[in-house]
Amino acid sequence: MLNIGFPKAIRQSFQTNMSLLKSKLNDLSVGIFSAEVGARQWMHADKNGSYLIWKIGKKKNDELLFIQNGELVSYFSIHRSGKKGKVNWQFGDSEAAELIYQDIINVQNTTSKNFKAAQQVYLYTTDGNMKEVKFFHSLELENITLLNPLSVLETADEEKVHEYNSLPLAETGNSFRGIDV
Numbered sequence: 070m071l072n073i074g075f076p077k078a079i080r081q082s083f084q085t086n087m088s089l090l091k092s093k094l095n096d097l098s099v100g101i102f103s104a105e106v107g108a109r110q111w112m113h114a115d116k117n118g119s120y121l122i123w124k125i126g127k128k129k130n131d132e133l134l135f136i137q138n139g140e141l142v143s144y145f146s147i148h149r150s151g152k153k154g155k156v157n158w159q160f161g162d163s164e165a166a167e168l169i170y171q172d173i174i175n176v177q178n179t180t181s182k183n184f185k186a187a188q189q190v191y192l193y194t195t196d197g198n199m200k201e202v203k204f205f206h207s208l209e210l211e212n213i214t215l216l217n218p219l220s221v222l223e224t225a226d227e228e229k230v231h232e233y234n235s236l237p238l239a240e241t242g243n244s245f246r247g248i249d250v
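Counting from 1, position 18 in the sequence shown corresponds to residue 87 in our numbering; the numbering is continuous, with no gaps.
Following this line, the structure appears as structure tokens:
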């Protein structure tokens, strides 16, 4: 479980504003956790036995969430460099994190054509690191999908919606709530 603390003044402000709007605040997601909500809503990720949310970061420092059978198994960060790298930090199952890390290194070094540790991998970036995203996407792996909320909209004009430029929208997970995809 991830706990995010808010100062009392901010909590009271949320309560006051929601009361004025005659509404309620169901949840609050940030960063990769918001992207995971989006993956479930837009891509129906929860229909997979396991899935990985992979946020490509600056200087090859990536953030990952591994979900299996609807449960968060591991949340961790890795650094990719050359033919190896390292796990920066990790919460949850360290063995699962290590398997995923090895999967990523094998895919990066083109010694594997798919991810073995997760049924499906959802890839995105918010830092504008498109070169890395394009590299992994160009490998045409069997079980990798760009986490782009606009890609699931039927009315999206493919010429106007660039598959890479709108990847930062992945962290707007709950904003598209209620849109039938």
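Every residue gets a Cβ at the ideal spot worked out from N, C-alpha and C, and that includes glycine. Since the model is a prediction, treat every value here as computed from it, not as a measurement.
In this structure, the straight-line span from the alpha carbon of Ser88 to that of Leu134 is close to 34 Å. Under DSSP, Val99 takes part in no beta bridge, so it has no partner. Counting other Cβ atoms within 10 Å of its Cβ, Glu140 stays below 16 and is therefore classed as exposed.
Where Glu167 is concerned, there is no enclosing beta strand (DSSP E), although the alpha helix (DSSP H) around it starts and stops at Ser163 to Gln177.
Tyr120 sits close to Gln188, with the two beta carbons spaced by under 9 Å. By the Cβ-count criterion, Ser150 is exposed, with fewer than 16 other Cβ atoms from all chains shown falling within 10 Å of its own Cβ. Exclusion of the five residues before and after Asp196 leaves Ile125, Gly126 and Lys127 as the residues of its chain whose Cβ lies within less than 8 Å of its Cβ.
If you draw a straight line from the Cα of Lys77 to the Cα of Ser92, it comes to about 20 Å. Less than 9 Å separates the beta-carbon of Met112 from that of Thr214. Here the alpha carbon of Gln137 sits roughly 34 Å from the alpha carbon of Gln84.
Exposure of Phe160 is indicated by the presence of fewer than 16 other C-beta atoms within 10 angstroms of its C-beta.
Nearest C-alpha to Ile101 among Ser146, Gln81 and Ser82: Ser146.
In this structure, the straight-line span from the alpha carbon of Arg109 to that of Phe184 is close to 19 Å. When beta bridges are read from the DSSP output, Phe145 appears opposite Leu133 and Gln159. Going by C-alpha positions, Tyr170 is about 16 Å away from Val202. Assigned with DSSP and collapsed to three states, Gly118 falls in coil, not helix or strand.
Boundaries of the beta strand (DSSP E) around Leu215: Ile213 to Leu215.
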